Amino acid sequence: CMQQLIVVTGEFHSTNFVTQSGEDRVTETAVGSGNVPYKAIVYLYLDGGLDSYSMLVPHTCSPIDVHQRYLDIRRSIGLPKEELFEIPANNPDQPCTTFGINKNLPVLKDLYLNGTLSFIANAGLLAKPVTADNYRGETPVSLFSHNTMILETKANDIFDVFWGTGVGGRLADVLTQAGIPTSTFSVFDQQVVLTGEAGEGSSQFVLGSSGLPEFNANPSIANMDVIIKALNNGTTADSGFHAETWSHKLSESLVKQEFLRQYIGATVVNTSFPEKNAVADQFQMVTRVMQTQQARGSSRDIFYVQDSGYDSHADDKKFIGNLKRINSAIEAFVTELQFLGLWESTVVIQFSEFARTLSPNSGRGTDHAWGGPHFMFGGLVHGGRVLGRYPTDFEEGDADGIALSRGRIIPTLPWDAMWKGTAEWFGVPAVGPAMDKVLPMHRNFPPSSLYNETDLFQMSS
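All letters in the sequence shown, in the order written, are residues 41 to 501 by my numbering.
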């Protein structure tokens, strides 16, 4: 008991002397008035490297038969047209008039045809535009490595201009500094993508799919929480700074944790989410946290949701199961958002560290690659389009200079392409220091490689 109490004191975590003022510490629970209309970003991460060339497939293409080229390189794992939902490209820059969505993803087809989901044909981590001739020297990261590409995708700051931060954390920072109350929540462990600069915005909340547990649910002595708060009460002006910082942050965390726990506990879920589905549980928790935004005084929320198991080196049935799992989770999430009246306030952006090789390995699986198709959806997304340009040749030595060995495709669009317009929709000015902080690499790309708000979103109804 005594040891537990000692380790929660500011003195234990610093070399400072602490002089208490005798006053209770005052901490805020709401971060603002929340007068700005509410918006939320959900960062959907498919961990392991999504085989997105089995998600969005060329269908009807002329004069080049891209689907046949696709089948030639994919061989036994290529998807024939009868296993696809055919959708119009609605983009004259594409080599195909129609594409096909994997039949295990009917919800993506429905959202696309309803005009609320877009595909981005060939996106990935880039520091600047590159080709097969110069990509090694101009992309200073360990390409095709899980650990490196996961970190760099979530940070989106290859040159470490804002070291240790992530794109979502920096987005929250600039909005908070602009007076727009913004909170970040991970429903899958602590995430660098939601980490901002110290002192610029609020720290991310880390929740489980069942919510927030009660702090110190099994105390060693009665009134232990009261004692912890008393040990970290207000201090005098000449008390040690580092110890005061510890006590302030601990007290603030305890108050916010209990505040959020109680409000989440009072929420109601109106949609039947699929059982034994971890990502569906996370989406369900997102909808519950969204319902607390008025009580929290938050105008902007950024959420992190993750589904795992996409590292498909072997030919197994897991990939099909993954698609079915994410399909049912997204379907329930969209239904609940519509019921809550939050569909037009929300955008979901899908990421993965890299795509897979188009050429299969000897085990009829796929290996680590680079660029590939991705998607985004929401009530105000200007959807029903395949943006960017789908590759026309998957063999090394192609005319565009983007195909590497075994059908590894160099991205023609950076992550910044999706992020820039999304950041504008969220409240960041299109030009200036705020956007430069959110996306420190975006100036390395021509305007044609970046989408603005009107490219990605409809006007609010």
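All C-beta atoms, glycine included, are put in the ideal place defined by N, C-alpha and C. Please read all numbers here as calculations on a predicted model, not as lab measurements.
Mapping DSSP to helix, strand and coil, what is residue i?
i	result
residue 316	coil
residue 64	coil
residue 141	strand
residue 93	helix
residue 134	coil
residue 129	coil
residue 360	helix
residue 309	coil
residue 76	coil
residue 248	strand
residue 373	helix
residue 487	helix
residue 467	coil
residue 234	helix
residue 51	coil
residue 326	helix
residue 256	coil
residue 368	helix
residue 461	helix
residue 492	coil
residue 261	coil
Which two residues bound the contiguous beta strand (DSSP E) that contains residue i?
i	result
residue 98	96-101
residue 165	No beta strand (DSSP E) holds residue 165; DSSP gives it neither H nor E.
Only counting the same chain, and skipping five residues up and downstream in sequence, which positions put a Cβ closer than 6 Å to that of residue i?
i	result
residue 272	287, 290, 291
residue 49	271
residue 480	197, 201
residue 209	234, 235, 236
residue 376	311, 327
residue 230	246
residue 184	408
residue 477	210, 214
residue 352	91, 359, 405, 406
residue 447	113, 397, 398, 399, 434
residue 346	85, 87, 228
residue 81	342, 387
residue 461	491, 492, 493, 495, 496
residue 241	212, 213, 216
Just to confirm my understanding: we take residue i, look at its own chain, exclude 5 residues before and 5 after, and list those with CB closer than 8 Å. What are they?
i	result
residue 255	265, 294, 297, 298
residue 458	160, 163, 389, 414, 416, 491, 496
residue 429	133, 134, 135, 161, 162, 452
residue 170	178, 179, 450
residue 350	86, 87, 88, 89, 90, 91, 359, 362, 392
residue 445	436
residue 31	Beyond the ends of the chain as shown, which are 41 and 501, falls residue 31; an answer cannot be given.
residue 463	211, 475, 478, 479
residue 250	321, 325
residue 116	400, 404
Go to residue i, then tell me how far its alpha helix (DSSP H) extends in each direction, as first and last residue.
i	result
residue 303	281-305
residue 177	175-178
residue 346	That residue, residue 346, is in no alpha helix (DSSP H); its beta strand (DSSP E) goes 340-347.
residue 335	333-336
residue 269	264-271
residue 146	146-153
residue 108	106-114
residue 474	473-478
residue 42	42-46
Can you name the residues that DSSP bridges to residue i?
i	result
residue 352	BP columns for residue 352 are empty, so no partner.
residue 81	342, 387
residue 158	416
residue 275	60
residue 86	347
residue 497	421
residue 124	142
Here's a check: name, in chain order, each residue in its chain whose Cβ is nearer than 7 Å to the Cβ of residue i, leaving out the five neighbours to either side.
i	result
residue 192	165, 181, 198
residue 59	275, 276, 278, 279
residue 139	96, 97, 98, 99, 127, 129, 426
residue 76	220, 339
residue 394	89, 164, 184, 189, 408, 409, 410
residue 324	309, 313
residue 232	191, 194, 195, 206
residue 420	384, 497, 498, 500
message: If we require 3 or more residues per run, which beta strand (DSSP E) segments fall completely within the stretch 190-231?
response: Counting whole runs of 3 or more residues, the stretch 190-231 contains the beta strand (DSSP E) stretches 222-226.
query: Fully enclosed by the stretch 378-457, which beta strand (DSSP E) runs are 3 residues long or longer?
result: Entirely contained in the stretch 378-457, the beta strand (DSSP E) runs reaching 3 residues are, in chain order, 386-391, 412-418.
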